[in-house]
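Data first, discussion second: the structure below is written as structure tokens.
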Ligand SMILES: NC(=O)c1ccc[n+]([C@@H]2O[C@H](COP(=O)([O-])OP(=O)(O)OC[C@H]3O[C@@H](n4cnc5c(N)ncnc54)[C@H](O)[C@@H]3O)[C@@H](O)[C@H]2O)c1
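Here it is as structure tokens:
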């Protein structure tokens, strides 16, 4: 059964996922308002490529979730809130702690505070974009002990990383552990400030919504990629960062031993998961992973990306590392499938083709990776 939806507010809706979700909602005949300050880190100091915000079908408010007047204006006559607004750089979050807390946690708290004090109870549902980062290192089993017991290792210490001990080992026998898909019932163990703020958002939304009688749905996204992702932001988005270097003919520097893995999911699949979470009652008060459920090494992804641009592979495994980065994580999608009847379906080959074709239509941005890494090194957050 579909949820009767009136006006939908998307916070942070001018961003990467917000764009695709807006298109999906408009195609489904829904009415969309966006609240977004057009953060320079994401959109550039002079935002470009945002004509779609002014096409007459969308109400756009340039403002912030940290501003009470902005949020109050944005919430007027809204039935559903999709809360995407966030600062999203894992490495940057480790030294801009207050900013990440203010926007991600403070913005969510302000949103809920306004709803808690709204006697009309107009908002009926909140859908939150959370992150696989809340699991930290995720779930593993030891194939040597063969007991199938799921283990949840601590995040890797600075000492362990400095010794290039990349993989987690079994506490019982010392054998390297094998990563397995993370389930929503697995423990949350954030390893970065960004992850901690995403987990705090989850708690705030779950607890406040339950007490206020507002439906909520929480989507824990894996690594989202695709057309429209910020090419300006050097703090997040490995495929954006690598695509700029491929186009500049530069080497792709690959951290650790290049065998760390991520679960890459295309943004159109993610937008459809949000659409389902907004429209279907099955999503009510559920927390669901959204990924492909496939792990891909960073070396493989760099190779696929180079292929998609028809470029030779210029990959260099640097043995460098960042504190707060996890080693492996991929999603168990069973809940998403069972609850929403939805499975991501754009495979990596197709997704890469779409992404590279879009990137080719964009100006080649400045390469600011070295700048971002230098910031981390200066703070001893990268070795
Ligand atoms: N892209 C991914 O791989 C990924 C993975 C896991 C979770 N997420 C989550 O999904 C959400 C959307 O991510 P995205 O990839 O579209 O990021 P994005 O950076 O492209 O978009 C975020 C948007 O939020 C806006 N924003 C920043 N500060 C704001 C504020 N104070 N008030 C309102 N808006 C603000 C930015 O201007 C930007 O338009 C975030 O909550 C992020 O944590 C993304």
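Numbering (our numbering), first residue to last: 149 to 531.
Ideal placement from N, C-alpha and C gives every residue a C-beta, glycine not left out.
Give me the Cα-Cα distance between residue 173 and residue 422, rounded to the nearest whole angstrom.
9 Å
With distance defined between alpha-carbon atoms, name the residue in 315, 183 and 304 nearest to residue 471.
304
Start and end of the alpha helix (DSSP H) containing residue 344?
341-360
What I want to know is whether the C-beta of residue 286 ends up closer than 8 Å to one or more non-hydrogen atoms of ligand 1.
no
By the three-class DSSP mapping on this structure, what secondary structure does residue 486 have?
helix
If you draw a straight line from the C-alpha of residue 496 to the C-alpha of residue 266, how long is it?
44 Å
Could you tell me whether any Cβ in chain B is nearer than 9 Å to the Cβ of residue 362?
Within the model displayed, chain B is absent; a lone protein chain is all it includes.
Here's the rule: buried if 16 or more other CB atoms are within 10 angstroms of the residue's CB, otherwise exposed. What is residue 294?
Residue 294 should be labelled exposed.
Going by DSSP, what residue range makes up the beta strand (DSSP E) through residue 261?
Premise fails: residue 261 lies in the alpha helix (DSSP H), 255-264, not in any beta strand (DSSP E).
What residue ranges within the region 178-247 form continuous alpha helix (DSSP H) runs of no fewer than 4 residues, ordered along the chain?
188-191, 216-223 and 238-241
In chain order, which beta strand (DSSP E) runs of at least 3 residues are fully inside the region 392-420?
400-402 and 412-414
On the DSSP letters alone, give me the boundaries of the beta strand (DSSP E) that residue 272 sits inside.
Element bounds for residue 272: n/a, residue is neither H nor E.
Looking at the secondary structure, which residues open and close the beta strand (DSSP E) in which residue 501 lies?
Looking at the DSSP string, residue 501 is not in any beta strand (DSSP E); the run it does join, the alpha helix (DSSP H), is 496-507.
For residue 283, which residues in the same chain have their Cβ closer than 7 Å to its Cβ, ignoring the five residues on either side in sequence?
330, 334, 336, 337 and 477
Between the region 401-415 and the region 214-227, can you find at least three pairs of beta-carbon atoms closer than 8 Å?
With a cut-off of 8 Å, the region 401-415 and the region 214-227 do not count as touching, because too few Cβ pairs lie within range.
May I ask whether a heavy atom of ligand 1 can be found less than 8 Å away from the beta carbon of residue 434?
Outside the cutoff, so no.
Tell whether a beta-carbon distance below 9 Å holds between residue 230 and residue 158.
yes
Output the distance between the C-alpha atoms of residue 434 and residue 440, rounded to the nearest integer angstrom.
19 Å
When you compare only the Cα positions, how much space is there between residue 367 and residue 346?
11 Å
What are the start and end residues of each continuous alpha helix (DSSP H) run of 4 or more residues lying completely inside the region 303-344, in chain order?
306-310
Taking one C-beta from the region 193-209 and one from the region 236-246 each time, how about it: are there three or more such pairs within less than 8 Å?
The region 236-246 and the region 193-209 do not touch, with fewer than three beta-carbon pairs separated by less than 8 Å.
What is the C-beta distance between residue 255 and residue 233, in whole angstroms, given that I count them as a contact (C-beta under 8 Å)?
With 8 Å as the limit, residue 255 and residue 233 qualify as a contact, their Cβ atoms being about 6 Å apart.
Does DSSP put residue 524 in a helix, in a strand, or in coil?
helix
Just verifying my parser: in three-state terms, what is the DSSP assignment at residue 173?
It is helical.
Which of helix, strand or coil does DSSP assign to residue 288?
strand
Excluding the 5 residues preceding and the 5 following residue 411 in the sequence, name in chain order all residues of the same chain whose CB lies nearer than 8 Å to its CB.
For residue 411, where only same-chain residues beyond five positions count, the Cβ hits under 8 Å are 280, 370, 371, 439, 440, 441, 442, 443, 444, 477, 478 and 479.
Do you know whose CA, among 292, 506, 464 and 349, lies nearest residue 321's CA?
If we check each option's Cα against that of residue 321, 292 comes out closest.
What number of angstroms, rounded off, separates the C-alpha of residue 155 from the C-alpha of residue 384?
31 Å
What do you reckon, is the C-beta of residue 191 under 8 Å from a heavy atom of ligand 1?
Flag set: Cβ of residue 191 near ligand 1.
Is the region 516-526 touching the region 375-392, taking contact as three or more C-beta pairs under 8 Å?
Touching, yes, given that three or more Cβ pairs across the two stretches are closer than 8 Å.
Tell me which residues share the same chain as residue 198 and place their Cβ nearer than 8 Å to its Cβ, disregarding the 5 neighbours each side in the sequence.
Contacts found: 162, 186 and 191.
Roughly how many whole angstroms lie between the Cα atoms of residue 194 and residue 168?
21 Å
Measuring alpha carbon to alpha carbon, tell me which residue in 240, 348, 286 and 313 is nearest residue 300.
286
Roughly how many angstroms separate the alpha carbons of residue 204 and residue 165, rounded to a whole number?
20 Å
For residue 149, does the count of other Cβ atoms within 10 angstroms reach 16, so buried, or fall short, so exposed?
Residue confidence for residue 149 is low, a pLDDT of 46 falling below 50, so the modelled location carries little weight and cannot support an answer.
From 360, 424 and 396, pick the residue whose C-alpha is nearest to that of residue 516; which is it?
396
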